[in-house]
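Q:
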Amino acid sequence: MPHLCVSLSSKPLWLVCTLLGLSAVHTHANIVLTVPQQVSLSANMGTQQLSISWLGGAATTFDLIILRTEFNETVCYDTVFATVNQVSGRHQWNWTSVEPLECTSLSIKLRSRDGHTTSAWSNTEILQGRDLPSNKDFQMYPQDRIVPAGANNSFCCIVEEGKGFDRIRYSMTVMNVTRLSRRSYATSVVSQGPSGRTGTNVFCYANQMMELTGAVIFVGYPPLPSHFVCETHDLVSAVCQWNEGRDTHLYGKRGTRYSVNNRHCTQDISQEKPKECSVAQWEGNWTLVAVNPLGQYSLTDSAELSHRVCPVPPVNLSSVVHAWNATVLWKWNYSSYSSLDLICQVELTTRENKTKRVFFGMGLQSVVLSDLQPNEDYSIQVRCGAQKNFWKWGNWSKPVSFKTNTDAPDAPDVWMWMNKDKTGQVIWKPLTRRQSRGQIKAYEVTLWNPEENLQHTEILSADTHAVLVNLTQMASFSSDSKVIATVIAKNIKGTSQPASVGLRLTVVDPRAVSRIVYTEKGFPLFWQSNVNTTCSYVVQWHDASCTHDCPVEWIKVAAGNTNVSIESVNFQPGVRYIFSLYSCPSDSPELLQHWQGYTRELVPSRSVPLWSSQHASDIVLTWGEIPLPDRRGFLLGYNVYMSNGSQLTLLANMSDLGTRNYIVKGFPMGSYKFTVKAYTSAGEDTGTTASIMLEPYTDWLILEILASLGIIASLLIIVTFICYKKRKWVKKAFYPDIPEPKLPSDWSRTQGPLDVKPSPHSMVHIVEKPDWDCSKEALVVIPEEDEDDDGQGIGDEPVDTDEPTSLRYYNQVVDERPIRPRFPDSSASSASSLDSAHTDVTYTGIQTSGSSLVFQVDPQGQQPQADHSFSCGEGGGGGYRPQMQPRAPNEDMGLASLEPFLEPQAASAGGYKPQSSWHLDSPMEAGERGSLAPSLGSPTSVASTQFLLPDGEEHEEEKRQLSSSAATWFTNLLSSTKP
5 MPHLCVSLSS KPLWLVCTLL GLSAVHTHAN IVLTVPQQVS LSANMGTQQL
55 SISWLGGAAT TFDLIILRTE FNETVCYDTV FATVNQVSGR HQWNWTSVEP
105 LECTSLSIKL RSRDGHTTSA WSNTEILQGR DLPSNKDFQM YPQDRIVPAG
155 ANNSFCCIVE EGKGFDRIRY SMTVMNVTRL SRRSYATSVV SQGPSGRTGT
205 NVFCYANQMM ELTGAVIFVG YPPLPSHFVC ETHDLVSAVC QWNEGRDTHL
255 YGKRGTRYSV NNRHCTQDIS QEKPKECSVA QWEGNWTLVA VNPLGQYSLT
305 DSAELSHRVC PVPPVNLSSV VHAWNATVLW KWNYSSYSSL DLICQVELTT
355 RENKTKRVFF GMGLQSVVLS DLQPNEDYSI QVRCGAQKNF WKWGNWSKPV
405 SFKTNTDAPD APDVWMWMNK DKTGQVIWKP LTRRQSRGQI KAYEVTLWNP
455 EENLQHTEIL SADTHAVLVN LTQMASFSSD SKVIATVIAK NIKGTSQPAS
505 VGLRLTVVDP RAVSRIVYTE KGFPLFWQSN VNTTCSYVVQ WHDASCTHDC
555 PVEWIKVAAG NTNVSIESVN FQPGVRYIFS LYSCPSDSPE LLQHWQGYTR
605 ELVPSRSVPL WSSQHASDIV LTWGEIPLPD RRGFLLGYNV YMSNGSQLTL
655 LANMSDLGTR NYIVKGFPMG SYKFTVKAYT SAGEDTGTTA SIMLEPYTDW
705 LILEILASLG IIASLLIIVT FICYKKRKWV KKAFYPDIPE PKLPSDWSRT
755 QGPLDVKPSP HSMVHIVEKP DWDCSKEALV VIPEEDEDDD GQGIGDEPVD
805 TDEPTSLRYY NQVVDERPIR PRFPDSSASS ASSLDSAHTD VTYTGIQTSG
855 SSLVFQVDPQ GQQPQADHSF SCGEGGGGGY RPQMQPRAPN EDMGLASLEP
905 FLEPQAASAG GYKPQSSWHL DSPMEAGERG SLAPSLGSPT SVASTQFLLP
955 DGEEHEEEKR QLSSSAATWF TNLLSSTKP
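Residues 5 to 983 in the working numbering are what the sequence shown spells out, letter by letter.
The following block contains the structure:
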């Protein structure tokens, strides 16, 4: 057995050993040890093992030292025990080197040892390496060595004489090296992994990588086969099979060799899995041995022949074909199968699927395949096994193909779509290859109204799968009207069974639509069963955005089922689908339930149309609906944002889909942008932005003004209505009747000058006497010496006729009759006379006179005569009457100018101006009559209810007439009814 020893490389150790040896010699001088003789060296370069043998006498323990000859470095120093070979009488010991033995020369010496006593060293024996000067080649070792995976290995490189060493590379890795001699360098690889099919390359570079040499090492595993078993195919011989097991990574001449019962398997089994080897005769027991350069492995198996029967595949398959069945025939390679009970399996392969059918029989050689599909392509394979003590199926036969004959087609799957205008289409699914049972030539569609016995038939081409219908031409649309559509498919073998569907003639009440969620198995639909319903169902679906002649899909559900999952290759994300459940589709389909849903909701592809407007100081945002195809999901609401550049501020979330407006309040005047986004469960759309400039609300101001005017007008109407209803009270409280001064004579007959003689008194008092029934008003001349307004007497002072005479009017008794002004402006200033207890009227030029102020004018135009008696019978009462209507002056009456009679002050100052209806007497007439001075103004002003107006321009008089029209209207209103 080879040994490894400890390497000693330091020279001072030799001195220690020498001293120990000398001391042992002196200590045991009486023991004589034989020096080892005839030392022989035998090297195995493949295993790097050195065998050392010698003649050593009776000693059994020896000291061994191995040195690298050129550098004199100790490789191994050990005390070994070596036995004597009884035949040759020689001692032997094996040593395994770490480096290849070719790398450098080794020197070996021995000496005998007995305890501490040693003999002298033997002669040095040298194992020559390949680095001798005589061998100048560039070399590397080991070459083509096979080693187990995971082991350590050393390589050495001997450079060419006179060349410099560069590096050693293992595969792609540069290795660390150790110098063994002048030309030899070594490296070690630890835990090598398995190599490839061509091994692992090791390169040595010299002369600055200008030259190289190398070696190949093969790293692998010993064989480890498994599942060794033997069986029979022909009921005589044996065929053994096994699995190779793990890959040994050794190939070709280094690969594994197999043998069964010491019979080498000569077949080319390198590519077979599992491995197989035949034995000519059944033996019942078998041993498998696997060997490669790294080791060997063996397996065993045993069995009876009848328990290991595996039939070979049948051959020469053929078929006899019909429309619905076919007979398959085959043959066996071994005649011994004719007495063997077989079980055979036939595999049928179509375009859609594969099926297997099993048959039994002794020496089975044919089978009948039933329930095939007409006009269908089939491919079949057959394999068999022993029916008794079944071991396993044999291999499949070669496939054989055939096609069944044509037959009449299946009835098409028919459905319909009806529009609201009683038009629609009858549709059917294209027949599959299996359903058509041959090439379809045409379709025949018949519309039949059983109540009216109307029928219409059309022949359509094979590529047509829908026909338009107009029920207005087939039915009168009574409550029980019914039209049945029938479709028949035709091929070369005949026609299919008719497929019918009832067309709905009455409008079905809309059903509530439920939402469904798509799952990995499709749209799950559930409905309640009806015990009275015994017919099947139809589930129809289509794009929800389609309303007329929609392309629909449908599936028929057997009676009694209450659920189904709908899946279609045409489903698209972001599309809403409407699902409808109908019962009794072939007779009178009745709508039972509606569903709607999306396979996957997406964000809306279109934003809402947005408008903005200003209402008062508020901003009103209004938006429209998104079209159904662009929603791409169930809308959950709207988000209203205020846009500020790239930043959006959420103002409101409108979850009520029916509300599509939002009022923004409390914003100051300025420009704003708003964005509205609709959102689904997948997120928001891109949004629509609207801008608006918020301006002062002038329309509201106008409305406020109009409202204020309306309120004022309403108040005026109310006040007017109240005043009209309470006009008597208002008249008494605010506008009592004023007495009308009258003259006893009728002044209206003739118009002439009035000669008023001034009173000798300077003060005229008008006194109303309430105890005078026939006349409530009178002009009374009050002497100047009477008391004034303050109750103080004037005395008998002389009368100053140059001072204006004061007329005082006391209005203390109110006539019940309303005042009827004779001129439009007679009441323009009546309010002042109503508020005063008396009125002082000053006349310029009034003369003192004791005559009465009441005059009568002669009807014939003579001069007026003073009348001191007041008549109660004429004119309804006595007293002074207001001014008369002006008359045209007589032609014989000359009107003197007013200027000579007016004092300069009166003419120039804004004093009282007499009414134009008065005509002053001429100076001559005044003198003849001896009447009062003509300077006295019109007495009308004494009884006038208006303020005395100063002189002014004529246009000012017109303004006063216009301004008095409102007061005149109010006076007329109050005087409209006189008691």
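From the three backbone atoms N, C-alpha and C, an ideal C-beta is built for every residue, glycine too.
(1) Reducing DSSP to helix, strand and coil, say where proline 633 ends up.
(2) What is the DSSP secondary structure of histidine 460, reduced to helix, strand or coil?
(3) The beta strand (DSSP E) spanning tryptophan 421 covers which residue range?
(4) Among the residues of its own chain, which have a CB less than 6 Å from the CB of isoleucine 69, if the five just before and after it don't count?
(5) From the DSSP output, in three-state form, read off valine 84 for me.
(6) Residue range of the beta strand (DSSP E) that phenylalanine 678 falls in?
(7) Which same chain residues end up closer than 8 Å to tryptophan 432 when comparing Cβ atoms and leaving out the 5 residues on each side of it in sequence?
(8) To which residues of the same chain is serine 533 closer than 6 Å at the C-beta, ignoring the five residues directly before and after it?
(9) Under a Cβ-count criterion, where at least 16 other Cβ atoms within 10 Å of its own Cβ denotes burial, should glutamine 143 be classed as buried or exposed?
(10) In three-state terms, what does DSSP make of tyrosine 145?
(11) Give me the DSSP bridge partner(s) of cysteine 208.
(12) How big is the Cα-Cα spacing for serine 650 and proline 672?
(13) Use the C-beta contact count for lysine 729: other C-beta atoms within 10 angstroms, 16 or more gives buried, fewer gives exposed.
(14) How many angstroms separate the CA atom of histidine 460 from the CA atom of lysine 497?
(15) Confirm, please, whether the CB-CB distance from glutamine 52 to valine 105 is below 8 Å.
(16) Can you find the residues in the same chain that come closer than 6 Å, C-beta to C-beta, to tryptophan 125, ignoring five residues on each side of it along the sequence?
(17) In whole angstroms, give me the CA-to-CA distance for phenylalanine 621 and threonine 702.
(18) By the 10 Å Cβ neighbour count, where 16 or more other Cβ atoms means buried, how is histidine 95 classified, buried or exposed?
(19) Whether or not the segment 326–334 and the segment 396–409 are in contact is what I'm after, with contact meaning three or more pairs of Cβ atoms, one per stretch, closer than 8 Å; do they touch?
(20) Is the segment 183–195 close to the segment 149–168, with three or more CB pairs under 8 Å?
(21) What is the residue span of the alpha helix (DSSP H) that alanine 737 lies within?
(22) Confirm, please, whether the CB-CB distance from valine 624 to serine 617 is below 8 Å.
(23) Assuming threonine 236 and leucine 309 are in contact, meaning their beta carbons sit under 8 Å apart, how far apart are those beta carbons, in whole angstroms?
(24) Exposed or buried, which one is phenylalanine 527 when buried takes at least 16 other CB atoms within 10 Å?
(25) Glutamine 439 lies in the alpha helix (DSSP H); which residues open and close that run?
(26) Could you tell me the alpha carbon to alpha carbon distance between tyrosine 884 and lysine 732, rounded to whole angstroms?
(27) Roughly how many angstroms separate the alpha carbons of proline 146 and valine 36, rounded to a whole number?
(28) Using 8 Å for Cβ pairs, my map puts leucine 303 next to tryptophan 246. What's the rounded Cβ distance?
(29) Taking 8 Å as the limit between beta carbons, can you name the residues of its chain near arginine 258, skipping five residues before and five after?
(30) Within its chain, find whatever has a CB closer than 6 Å to the CB of phenylalanine 232; leave out the 5 residues flanking it on each side and keep chain order.
(31) Taking buried to mean at least 16 other C-beta atoms within 10 Å of its own C-beta, is glutamine 576 buried or exposed?
(32) Going along the chain, which residues of its own chain have a beta-carbon closer than 8 Å to the beta-carbon of histidine 311, five neighbours each way excluded?
(33) Glutamine 443: buried (16+ other C-beta within 10 angstroms of its C-beta) or exposed?
(34) Taking Cβ positions, are valine 535 and leucine 585 nearer each other than 8 Å?
(35) Output needed for proline 226: all residues of its chain with C-beta closer than 8 Å, excluding positions within five of it in sequence on either side, in chain order.
(36) What do you get for serine 518, buried or exposed, if any count of 16 or more other CB atoms within 10 angstroms of its CB means buried?
A: Walking through what the data contain:
(1) Start at 1 with the first residue of the sequence shown, and residue 633 comes out as number 629. Shown here, proline 633 sits in a helix according to DSSP, grouped into three states.
(2) As a first step, residue 460 must be located in the sequence shown, where it is residue number 456. It is a strand residue.
(3) Here residue 421 refers to the residue found at position 417 of the sequence shown. 418–422 is the span of the beta strand (DSSP E), which, as asked, contains tryptophan 421.
(4) As a first step, residue 69 is located in the sequence shown; it is residue number 65 there, counting from the start. Its chain contains Tyr81, Lys113 as the residues whose beta carbon lies nearer than 6 Å to that of isoleucine 69, once the 5 sequence neighbours on both sides are disregarded; these appear in chain order.
(5) Counting from one through the sequence shown, the residue named residue 84 turns up at place 80. Valine 84: strand per DSSP, three-state reduction.
(6) In the sequence shown, counting from the first residue as 1, residue 678 sits at position 674. 674–684 is the extent of the beta strand (DSSP E) around phenylalanine 678.
(7) Taking the sequence shown and counting its residues from 1, the one referred to as residue 432 is at position 428. If you ignore the 5 residues before and after tryptophan 432, its C-beta comes within less than 8 Å of the C-beta of Pro416, Asp417, Val418, Trp419, Tyr447, His469, Ala470, Val491, Ala503, all in its own chain and listed in chain order.
(8) Translated into positions along the sequence shown, residue 533 becomes position 529. If we look at serine 533 and ignore the five residues flanking it on each side, its Cβ neighbours are Thr566.
(9) Residue numbering aside, residue 143 sits at position 139 when the sequence shown is read from its first letter. Glutamine 143 should be labelled buried.
(10) Taking the sequence shown and counting its residues from 1, the one referred to as residue 145 is at position 141. Tyrosine 145: strand per DSSP, three-state reduction.
(11) Locating residue 208 in the sequence shown gives position 204, counting from the first residue. Per DSSP, the beta bridge partners of cysteine 208 are Ile172, Thr217.
(12) The count along the sequence shown starts at 1 and reaches residue 650 at position 646. The count along the sequence shown starts at 1 and reaches residue 672 at position 668. Straight across, the Cα-Cα distance linking serine 650 with proline 672 is about 22 Å.
(13) By one-based count along the sequence shown, residue 729 stands at place 725. Lysine 729 counts as exposed, since fewer than 16 other beta carbons sit within 10 angstroms of its beta carbon.
(14) Position 456 of the sequence shown, counted from the start, is the residue given in the question as residue 460. Position 493 of the sequence shown, counted from the start, is the residue given in the question as residue 497. Spanning the two alpha carbons is a distance of roughly 25 Å.
(15) Mapped onto the sequence shown, residue 105 falls at position 101. Mapped onto the sequence shown, residue 52 falls at position 48. Contrary to the premise, residue 105 reads as leucine rather than valine in this sequence. It is a contact, given that the beta carbons lie within the stated cut-off.
(16) On the sequence shown, residue 125 is found 121 positions in, with the first residue counted as 1. Here the set comprises Lys113, Arg115.
(17) As a working mapping, residue 621 is identified with position 617 in the sequence shown. As a working mapping, residue 702 is identified with position 698 in the sequence shown. Reading the sequence as shown, one finds serine at residue 621 and not phenylalanine. CA-CA distance, serine 621 to threonine 702, rounds to 10 Å.
(18) Translated into positions along the sequence shown, residue 95 becomes position 91. Buried, by the Cβ-count rule.
(19) With the cut-off at 8 Å, the segment 396–409 and the segment 326–334 touch.
(20) Yes: the two stretches touch, three or more of their Cβ pairs being nearer than 8 Å.
(21) Locating residue 737 in the sequence shown gives position 733, counting from the first residue. Residues 731–738.
(22) The residue given as residue 617 occupies position 613 in the sequence shown. The residue given as residue 624 occupies position 620 in the sequence shown. For serine 617 and valine 624, yes; Cβs fall inside 8 Å.
(23) Counted from its first residue, the sequence shown places residue 236 at position 232. Counted from its first residue, the sequence shown places residue 309 at position 305. With a beta-carbon spacing of about 6 Å, threonine 236 and leucine 309 fall inside the 8 Å limit used to define contacts.
(24) Your numbering for residue 527 matches position 523 in the sequence shown. With 16 or more other Cβ atoms within 10 Å, it is buried.
(25) Taking the first residue of the sequence shown as 1, we reach residue 439 at position 435. Where glutamine 439 is concerned, the enclosing alpha helix (DSSP H) stretches over 437–440.
(26) What you label residue 884 is simply residue 880 of the sequence shown in a count that begins at 1. What you label residue 732 is simply residue 728 of the sequence shown in a count that begins at 1. Any reading at tyrosine 884 must be qualified, since the residue scores a pLDDT of 43, below 50, and its modelled position is unreliable; no value is offered.
(27) Reading the sequence shown from its first residue, position 142 is the one you call residue 146. Reading the sequence shown from its first residue, position 32 is the one you call residue 36. So the two alpha carbons sit approximately 44 Å from each other.
(28) What you label residue 303 is simply residue 299 of the sequence shown in a count that begins at 1. What you label residue 246 is simply residue 242 of the sequence shown in a count that begins at 1. With a Cβ gap of about 7 Å, leucine 303 and tryptophan 246 count as contacting.
(29) Residue mapping note: residue 258 aligns to position 254 of the sequence shown, counting from 1. In chain order, Ile150, Phe222, Gly224, Asn296, Pro297 place their CB closer than 8 Å to the CB of arginine 258, counting only its own chain and leaving out the 5 sequence neighbours on each side.
(30) Locating residue 232 in the sequence shown gives position 228, counting from the first residue. Excluding residues within five positions, the ones whose Cβ falls inside 6 Å are Trp246, Leu292, Leu303, Asp305.
(31) In the sequence shown, counting from the first residue as 1, residue 576 sits at position 572. Looking at its Cβ environment, which holds fewer than 16 other Cβ atoms inside 10 Å, glutamine 576 is exposed.
(32) For the purposes of this step, residue 311 is taken as the residue at position 307 of the sequence shown. Answer for histidine 311: Asn393, Trp395, listed in chain order.
(33) The sequence position of residue 443 within the sequence shown is 439, counting from 1. Here glutamine 443 is exposed: its Cβ has fewer than 16 other Cβ atoms, across all protein chains shown, within 10 Å.
(34) The residue you call residue 535 lines up with position 531 of the sequence shown. The residue you call residue 585 lines up with position 581 of the sequence shown. Not in contact: valine 535 and leucine 585 (Cβ atoms no closer than 8 Å).
(35) Translated into positions along the sequence shown, residue 226 becomes position 222. Counting only Cβ-Cβ distances below 8 Å, and skipping sequence neighbours, we find Pro152, Thr252, Asn296, Leu298, Gly299, Gln300, Tyr301.
(36) Position 514 of the sequence shown, counting from 1, holds the residue named residue 518. When all chains shown are included, serine 518 counts as exposed.
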